[in-house]
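Numbering (full-length UniProt numbering), first residue to last: 1 to 1076.
In structure tokens form, the structure reads like this:
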């Protein structure tokens, strides 16, 4: 660094020798520096002339230069100025280095800080050193204390002394620097002059070094001086007197005939020589003689022209010309190359003859071919094969590394000159040939069978052939590995295309039977990387695994990814049908062995399948995929635990049909149906019991094998007797009598819903026929009425189809029994109405509407779960006004027919017995109500009223001005028929009325007969009876009345009070309130 001062501190000057005022600097010192300066001054000479002891020359004005004394006269000063290159003798401008100096104050500040830090560190380190305690006397009494000479104490002292000595030396240096700093201007000039001189010195050495190197480099460029004078003389005069003349007589030039004869003689001499005197080498057997030369042709290598000088058999052949018979070839137009080749050829011909000539040219051509191939390889390495091949020339061989960026062992071909040794049975001397060695992943391929064309040289074609064989070998090994994993009878199809010439023709096409997707595996011939088409996430994963890991099991990788790709496609199609993939944590039992042997597997489930019931565990579809069997489907039974879902059992599904291996949407639906059939059949068998065998010739045929399970598995349709299903239900005696409404055969089938509502569950169809005892009119009525309402259909010939929809695994027995019971009830209802000669207007699942009289209709609600009225009376063709129906006013009282005997028991379904009773009540009360309506409309108005306590307890009351009396009408059922008991209630003392009614009650009429205290009438006779009673009463009212007693008159004058009558229906167990 400019301005840096280096001082020797081994012998520091004591502090006593330094003074504050710096006067010690002015004192003379006899140090080594001054002595050295003095000695140099005493020895100073100017170009060899010694100086006088006073410091001047012996002649002050005439210094000695090169031993010659010159006069000064200012010449020395001028020469010095000229030597320094200073114009006008002025001093040069020096470069300033003051900016590089460090202020002394900063140095002192940093030294003080460093001293403080070092002192603190020394004190802490000294405090950490423990010194053993020594015995000391109390109050200083005793002998002198011995010095502490322990190792720790000495170490502390040494550490303290070293600290003091180190910082003392630093501060002494700082003191010296402070003295120098007082003369800063002088020191800066000294530094500037020193750096200037150093640069001058460096420039001088650099110039000398450049001149030396230029001299060395010119050695090779030296040429002899041309003889210009001799050349001018020779060119101008055509003579060179200075050249010696040997006295040779120049030969005469040959004429054309002489030249032709000479060539003919030479041809004859060559022919005689080659045919009679020469033992030609085997490869020189093909030759021709023309123009005085013999042309030997070696196919694929060269043509050489040789000639002889005379007819002497011992004379040597000499070289004329050579032509290479390989392409690309080289023309020997270079004189230097040709001269060297000609000299070498003539030497070989002179020493070894034609054998040596062939061997020499043969080796020469082989070497030339290798050089051509090396040049072509280098050109390829700089072209499209850049960074993928490496070319090396080792002796007489060319090594080309291809796929150098490929992981694993290296691949290369080695073209060199081999010995050409053949088998032991040949006598021919071996000739060297171009041989090829092929190394694949560092291992030599001994039986490569490479066929290179060494006539038309092309390194690219050779590489293409080697790489084609390499790719073919890789793909063949890959195909063989897949063949060991999947034999010919498996689902995997392979199409291997190999080539020994074109690498782009090599491919391996893989596909799965029943699928339209296939992948083609090729190899990039330049990079050596596997390429899988078409591109997808699975093929990219295959490329990554095969290209990054050279030791990977390629067939296993392909098997896994092919299976996973096919599995992913199936999952995509299944997702469109609502089958979603679920996570399964583990598997147990036989399921573990099946899933461990599978390559890949997945579990699919609909959201509606996830509910676990007592009859059916949580189920799903498990799909395994491998190359041997392709897709294999199982019905999985899942179990839930705190660790997640587990596969408990697997039940295989039959998918041997080729159409189901395609796994398209249709096949997925069929597979789902097969799984659901097994699942539903199992749950149905546990719910409904073991199915019965189908009878021969039965109309319910078994499905084909494509949608059924394996042998031993339950499958749909399942045969059940509908009558037994109904008998298994708790029904009343009256209902049980109508159980045999169906035939003894029925089939239960299932269907997967096509709608988007999976929560509705599986659709079950139960098909059977009505019994032959069911009337045709009933069947036709059911056919017209039940057309899919509540999932019930009845055909025109008595076919019955019942649809039940329930979640997977949910019992259907109760639903099926309820709908079978509904059909049975419908038949019973129609039969009851038919026996009563009522016309059925409409039959629905919740109500039945019929006509029981001309223009009179009644709708009966069949289910007790609805909140609508139980009975609804009306007129045919009139849906608005219902008051015109006579029974409309007695609706509440007529509903008592359907009320259960137990007031706390709910009424859910109308029984046929109650409907039959209701029909009898309707028919029986119709005449009474119509008569009451007629009586009310006669004059005087509202003199007759009808009171109804319940359906079979009626009362007709007459009021003033008619005789005040009432008739109770009570219905009694005997042998399925209703009869009425009419009994008068007379509150007056009118003897004439009593006698008249007494006489009538003793008489007999059509459909009725008296019993003294009342009248018993049939349904047909109640109407005429009431009309006759009304005529009697009205006739009595027209006759003059007899005087009555006072109480009787008062009772007659009082109007009939409107009162509330309460009566208990003992037979029904219900209190009926009748409002007058």
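The C-beta atom is built at its ideal place from N, Cα and C for all residues, glycine as well.
In whole angstroms, what is the alpha-carbon distance linking residue 830 and residue 952? Going from the Cα of residue 830 to the Cα of residue 952 covers about 24 angstroms.
May I ask you to report which of helix, strand or coil DSSP gives residue 429? coil
Quick one: what does DSSP say residue 609 is sitting in, helix, strand or coil? helix
Sequence ranges, alpha helix (DSSP H) only - wholly within the stretch 164–236, length at least 4: Within the stretch 164–236, the complete alpha helix (DSSP H) runs of at least 4 residues are 184–217.
Please confirm if the stretch 260–279 is in contact with the stretch 287–301, defined as three or more CB-CB distances below 8 angstroms between the two stretches. Yes: at least three Cβ pairs fall under 8 angstroms.
In its own chain, which residues sit with a C-beta less than 8 angstroms from the C-beta of residue 1078, not counting the 5 before and 5 after it? The structure shown does not extend to residue 1078, since the chain is modelled only from 1 to 1076, so the question has no answer here.
Measuring alpha carbon to alpha carbon, tell me which of 877, 856, 939 ends up nearest residue 922. 856
Nonlocal neighbours in the same chain, by C-beta distance under 6 angstroms from residue 916, ignoring five residues either side: 832
To the nearest angstrom, how far is the alpha carbon of residue 130 from that of residue 152? So the alpha carbons of these two residues sit roughly 7 angstroms apart.
Rounded to a whole number of angstroms, what is the C-alpha to C-alpha distance between residue 509 and residue 527? 21 angstroms
Residue 456 by DSSP, collapsed to three states: which one? Note: residue 456 maps to strand in three-state DSSP.
For residue 918, which of helix, strand or coil comes out of DSSP? helix
Rank 328, 329, 308 by C-alpha distance to the C-alpha of residue 319 and give the top, closest one. Of 328, 329, 308, the residue nearest in Cα terms is 308.
Suppose you measure from the CA of residue 167 to the CA of residue 188; what does that come to, to the nearest Å? 28 angstroms
To which residues does DSSP link residue 968 through a beta bridge? 955, 983
CA-CA distance, residue 919 and residue 927? Each residue's Cα considered, the two are about 14 angstroms apart.
If you run the structure through DSSP and keep just helix, strand and coil, what is residue 358? Residue state, collapsed to three classes: helix.
The stretch 554–562 / the stretch 578–594 touching (three or more Cβ pairs under 8 angstroms): No contact exists between the stretch 554–562 and the stretch 578–594.
Is the Cβ-Cβ distance between residue 466 and residue 438 less than 8 angstroms? Result yes, Cβ atoms of residue 466 and residue 438 sit closer than 8 angstroms.
8 angstroms CB neighbourhood of residue 300 in its chain, flanking five on each side removed: Around residue 300, the same chain offers 325, 326, 454, 455 as residues with beta carbons nearer than 8 angstroms, after the five sequence neighbours per side are excluded.
Quick one: using the 10 Å Cβ neighbour count with 16 as the cut-off for buried, is residue 973 buried or exposed? Exposed: under 16 other Cβ atoms inside 10 Å.
On the DSSP letters alone, give me the boundaries of the beta strand (DSSP E) that residue 396 sits inside. No beta strand (DSSP E) holds residue 396; DSSP gives it neither H nor E.
C-beta atoms of residue 1037 and residue 984 nearer than 8 angstroms: Result no, Cβ atoms of residue 1037 and residue 984 do not sit closer than 8 angstroms.
CA-CA distance, residue 372 and residue 336? 20 angstroms
Cutting at 7 angstroms between CB atoms, please list the residues of its own chain near residue 847, excluding the five before and the five after it. Closer than 7 angstroms at Cβ, skipping near neighbours: 859, 860, 861, 862.
Rounding to the nearest angstrom, what Cα-Cα distance links residue 397 and residue 272 in this structure? 41 angstroms
Please list, in chain order, all residues of the same chain as residue 621 whose beta carbon is under 6 angstroms from its beta carbon, the five residues on each side excluded. 604, 675
Span separating the alpha-carbon of residue 513 from that of residue 492: 6 angstroms
For residue 266, does the three-state DSSP call read helix, strand or coil? If DSSP states are grouped into helix, strand and coil, residue 266 belongs with the helices.
Using only the alpha-carbon positions, how far apart do residue 297 and residue 378 sit? So the two alpha carbons sit approximately 31 angstroms from each other.
Please go through the same chain and pick out, in chain order, the residues whose beta-carbon is closer than 6 angstroms to the beta-carbon of residue 790, but skip the five residues on each side of it. 845
Would residue 123 be called buried (16 or more neighbouring beta carbons within 10 Å of its own) or exposed? Counting Cβ neighbours within 10 Å, residue 123 comes out exposed, since fewer than 16 surround it.
Taking the straight line between their C-alpha atoms, what separation do you get for residue 955 and residue 970? Going by the C-alpha atoms only, they are around 8 angstroms apart.
Quick check: the stretch 678–694 against the stretch 812–822, are there 3 or more CB pairs under 8 angstroms? By the Cβ rule, the stretch 678–694 counts as touching the stretch 812–822, because three or more pairs are nearer than 8 angstroms.
What would DSSP say about residue 153, mapped onto helix, strand or coil? Helix at residue 153.
When we look at the beta-carbon of residue 601 and count the other beta-carbons within 10 Å, is it buried (16 or more) or exposed? Answer is buried; the Cβ neighbour count reaches 16.
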